[in-house]
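This report refers to the structure that appears directly beneath it.
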Amino acid sequence: MAIITLTTDLGLKDSYVGSVKGAILKELPSVSIVDISHDIKKFDITEAAFVLKTVFHDFPEGSIHIIGIKTEATLKTPHVVVLFKNHYFIGADNGIFSLIFDILPEKVVELSISQDTDILTFPTKDVFVKAACHIARGGSMEVIGKPVSSLRKSEDLRSFSEGPNVLKGFVAYIDSYENIITNISKQQFYDFGKGRNFTIFFRRAEYSISSISKSYNDVPSGERLAIFSASGFLEIAMNSANASGIFGIHIRDVIRIEFYD
Amino acid sequence: MAIITLTTDLGLKDSYVGSVKGAILKELPSVSIVDISHDIKKFDITEAAFVLKTVFHDFPEGSIHIIGIKTEATLKTPHVVVLFKNHYFIGADNGIFSLIFDILPEKVVELSISQDTDILTFPTKDVFVKAACHIARGGSMEVIGKPVSSLRKSEDLRSFSEGPNVLKGFVAYIDSYENIITNISKQQFYDFGKGRNFTIFFRRAEYSISSISKSYNDVPSGERLAIFSASGFLEIAMNSANASGIFGIHIRDVIRIEFYD
Amino acid sequence: MAIITLTTDLGLKDSYVGSVKGAILKELPSVSIVDISHDIKKFDITEAAFVLKTVFHDFPEGSIHIIGIKTEATLKTPHVVVLFKNHYFIGADNGIFSLIFDILPEKVVELSISQDTDILTFPTKDVFVKAACHIARGGSMEVIGKPVSSLRKSEDLRSFSEGPNVLKGFVAYIDSYENIITNISKQQFYDFGKGRNFTIFFRRAEYSISSISKSYNDVPSGERLAIFSASGFLEIAMNSANASGIFGIHIRDVIRIEFYD
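Chains as they are written, first to last, in my numbering: chain A, 6 to 266; chain V, 6 to 266; chain H, 6 to 266.
As structure tokens, this is what we get:
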């Protein structure tokens with residue numbers, strides 16, 4: 006049974022998500038439709054990209070991921086299907102793909118599907134569903150689009166080093182527990198740190214943390230800790246408390262790590 | 006595989022939606038249950054009707070739509086199953102059906118299903134699920150109810166003309182993007198306008214709009230536009246901004262269109 | 006088709022619920038995954054227990070219920086699978102089970118599943134999903150854990166009598182309609198009351214209620230009533246209005262019933 010996931014900013018109150026699911030079931034009665042999130046901040050492709058980047062590899066290969074955010078096609082932002090690590094991603098090339106993938110995808114086609122209606126405001130239902138169902142039925146990408154060689158680049162905050170001892174990153178996401186998830190990956194942390202002692206600084210000097218915990222319960226309830234998140238990024242959190250609110254930390258704030266020989 | 010959709014004001018936090026789904030799966034292990042919305046404003050049948058009206062035709066014919074809002078049966082509001090354009094709608098006849106359908110439905114039966122419990126507060130689970138599963142198994146409407154010839158009428162704001170040049174409508178729904186959706190349909194707009202020039206007025210004279218856009222991106226980000234919504238109604242919106250909040254527009258506000266020869 | 010339900014405090018915005026569902030579909034392509042609630046108050050096992058207690062018996066026997074709240078394993082709170090009335094419950098033994106079950110469960114095993122990752126913060130995905138899929142495939146509990154004889158006890162507010170005429174209970178849950186659900190069961194009410202007249206008191210003397218309604222519509226819109234909830238507990242509500250807000254009632258407030266000979 007094919008799997009189609011949905012990541013959108015459509016919200017759960019209106020009829021839109023229902024319309025998308027109805028349209029899928031009209032084409033494909035037997036399919037697993039999985040909601041990733043419909044509560045992405047309106048038009049925020051950075052947030053949507055982070056959510057998708059951290060979730061897609063939990064799905065089986067061959068899964069089809071519809072991205073319903075900033076979906077209108079323009080000359081600069083055509084509709085595309087992207088094949089990456091044996092997952093299919095369908096959306097508008099508005100810059101989101103360069104934020105999801107750290108390496109070049111295997112294949113990209115620009116969609117040449119024609120809509121059944123002249124209403125151009127709901128391509129998630131009128132275009133992406135058609136493409137997704139075509140792929141789900143085993144159809145090839147080339148039948149519904151023409152290959153293109155590049156995707157639009159988005160400006161992204163990247164972590165960087167200052168000399169051999171300082172690694173700087175940014176807050177990439179704050180989850181509903183108010184855990185603070187940075188863009189510093191576990192591998193990057195260990196490659197740069199090489200086992201040295203370190204201190205993580207954020208916002209104020211007195212908020213520093215000098216060890217990595219394995220679980221939230223490693224520290225007493227209400228105390229701060231650093232941990233690698235389920236998705237493999239450095240996370241600053243509190244055991245059973247709201248780190249971002251308590252520390253006053255926001256998306257894109259700087260996180261600085263000093264390593265000592 | 007039968008499709009049962011759910012449109013309710015039950016909310017997603019409590020156990021109620023889970024109970025409804027459990028009850029369906031107890032009767033019918035293999036079925037597609039699709040959430041339309043559980044965040045309808047409590048007891049607001051007008052909002053529920055708008056959501057259902059705009060979504061049901063996106064589902065395959067034969068789909069069964071459970072309406073879980075103002076569900077208690079009284080002598081005046083019996084439980085019914087309605088067949089309309091080959092879709093089944095199950096709910097209390099509290100006036101909602103006259104808001105969903107623009108023409109008379111094919112068939113209506115008043116349900117004569119007896120509950121398994123003497124708790125009468127949850128007919129969505131204890132009555133509607135039974136009726137839905139009966140229909141989903143291919144059962145006929147007549148077996149579970151007796152035919153009735155009419156449905157309760159609700160007062161509804163209807164668009165109307167003032168002379169040959171002015172068409173007036175009302176705000177029917179505001180979606181989570183704060184797009185303002187009116188009750189003026191595309192067909193009505195073109196039938197009345199006959200290709201003439203026009204100006205749409207709402208709230209203040211300076212908010213007028215004199216053209217119909219094809220997509221939100223037809224105007225610069227943050228500018229207002231008129232467009233036909235995915236559901237075919239005249240919509241006033243802003244590209245990537247919150248029209249209803251910025252213009253101070255609410256449900257039931259008047260929208261006035263002047264046509265010029 | 007096996008049924009796996011999810012009751013968590015993960016929220017619907019982040020990627021976490023999607024990750025759990027992806028992990029299930031990776032192991033078991035054909036399964037019914039049902040969301041009970043993901044909006045349980047963070048870390049609130051009492052609320053999660055109430056939701057599960059009132060919903061699980063609506064699902065078919067053999068259903069598997071994943072409990073994703075306070076999930077980290079410690080020496081004192083191991084991961085367990087519990088068999089109760091032919092339903093399987095999987096979670097951390099943090100005290101929640103004693104709040105769900107009123108009698109001893111049939112069987113309990115402490116899980117000895119090893120994770121694929123060294124990230125210990127997401128057992129819902131990395132441990133509970135494995136256990137659930139094992140059970141869903143027909144595997145036995147003993148293969149994935151060792152039998153234990155007891156579960157951790159949680160302090161719970163219990164209703165109690167004061168002499169032969171007074172029954173006291175507590176507010177156990179307030180639902181999204183602001184109905185006030187107590188921990189006094191229907192059976193307890195009738196066993197203690199033996200058909201006598203009664204008055205229910207809550208917060209202020211003038212808020213008393215002296216009869217049990219069968220449906221919300223038994224009283225005029227906006228009036229208070231007492232009723233047995235869909236889950237069989239004494240509930241104080243208002244017809245089409247928000248009882249808890251209007252009465253200023255909170256979780257754990259006392260409800261006192263006086264019976265008269």
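Cβ atoms here follow ideal geometry from the backbone N, Cα and C, with glycine treated the same way.
What's the gap between the Cα of residue i and the Cα of residue j?
i         : j         : result
V/Ile-205 : V/Ile-262 : 4 Å
V/Leu-162 : A/Val-25  : 28 Å
A/Gly-16  : V/Glu-183 : 12 Å
H/Asp-44  : V/Asp-19  : 8 Å
A/Ser-159 : A/Ile-50  : 10 Å
V/Gly-96  : H/Lys-219 : 19 Å
H/Ile-41  : A/Tyr-178 : 26 Å
H/Ser-226 : H/Ile-241 : 14 Å
V/Asp-223 : V/Ser-216 : 11 Å
H/Phe-252 : A/Ile-185 : 38 Å
A/Ile-71  : V/Gln-193 : 34 Å
H/Val-86  : H/Thr-10  : 14 Å
H/His-62  : H/Ala-231 : 24 Å
V/Glu-111 : V/Met-146 : 12 Å
A/Phe-89  : H/Lys-90  : 45 Å
H/Pro-34  : V/Ser-154 : 46 Å
H/Phe-48  : A/Lys-58  : 26 Å
Decide if residue i is buried, meaning its Cβ has at least 16 other Cβ atoms within 10 Å, or exposed.
i         : result
H/Gly-250 : exposed
A/Ile-108 : exposed
H/Arg-229 : buried
A/Asn-99  : buried
H/Asn-244 : buried
A/Thr-76  : buried
V/Tyr-221 : buried
V/Asp-196 : exposed
A/Gly-92  : Residue identity check: residue 92 of chain A is His in the sequence provided, not Gly. Classification for A/His-92: buried.
V/Ser-68  : buried
V/Thr-122 : exposed
Under the DSSP definition of a beta bridge, which residues are partnered with residue i?
i         : result
V/Phe-206 : V/Arg-261
V/Pro-152 : V/Val-114
A/Glu-93  : First, the amino acid is wrong: residue 93 of chain A is Tyr here, not Glu. According to DSSP, A/Tyr-93 bridges with A/Ile-69 and A/Leu-88.
V/Ser-218 : V/Ile-232
V/Ala-246 : V/Met-243
Can you give me the Cβ contacts of residue i inside the same chain, cut-off strictly under 8 Å, excluding the 5 residues immediately before and after it?
i         : result
A/Ile-124 : Asp-131
V/Lys-151 : Val-114, Glu-115 and Ser-117
A/Ser-103 : Leu-156, Arg-157, Lys-158, Ser-159 and Asp-161
H/Thr-187 : Ser-164, Gly-174, Phe-175, Val-176, Ala-177, Phe-238, Leu-239, Glu-240, Ile-241 and Ile-260
A/Lys-191 : Phe-233, Gly-237, Phe-238 and Leu-239
H/Pro-65  : Ile-8
A/Glu-32  : Val-134, Lys-135 and Cys-138
V/Arg-208 : Phe-252, Gly-253, Ile-254 and Asp-258
V/Ile-29  : Ile-9, Val-36, Ile-38, Val-134, Ala-137 and Cys-138
Between which residues of its own chain and residue i is the CB-CB distance below 6 Å, once the five residues before and five after are set aside?
i         : result
H/Lys-135 : Ile-118
A/Ala-7   : Val-36 and Ala-141
What are the boundary residues of the alpha helix (DSSP H) that residue i is part of?
i         : result
A/Ala-242 : Unbroken run through A/Ala-242 is the beta strand (DSSP E), 238-243; no alpha helix (DSSP H).
H/Leu-104 : 101-105
H/Ile-45  : Element bounds for H/Ile-45: n/a, residue is neither H nor E.
V/Ser-166 : Note, V/Ser-166: premise wrong, no alpha helix (DSSP H); beta strand (DSSP E) at 165-167.
V/Gly-23  : 21-32
A/Phe-55  : 50-60
With residue i as the anchor, note down where its beta strand (DSSP E) starts and where it stops.
i         : result
V/Val-176 : 171-179
V/Leu-230 : 229-233
A/Ser-37  : 37-42
A/His-255 : Per DSSP, A/His-255 belongs to no beta strand (DSSP E) and is neither H nor E.
H/Ile-4   : Outside the displayed span of chain H (6 to 266) sits residue 4 of chain H, for which this structure offers no information.
A/Thr-13  : 8-13
A/Phe-64  : Unbroken run through A/Phe-64: none, as it is neither H nor E.
H/Ile-189 : 185-190
Enumerate in chain order the residues of its own chain whose CB-to-CB distance from residue i is below 7 Å, with the five nearest sequence positions on each side excluded.
i         : result
A/Ala-78  : His-84, Ala-97 and Pro-128
A/Val-56  : Thr-12, Ile-41, Ser-42 and Ile-45
A/Arg-201 : Phe-264, Tyr-265 and Asp-266
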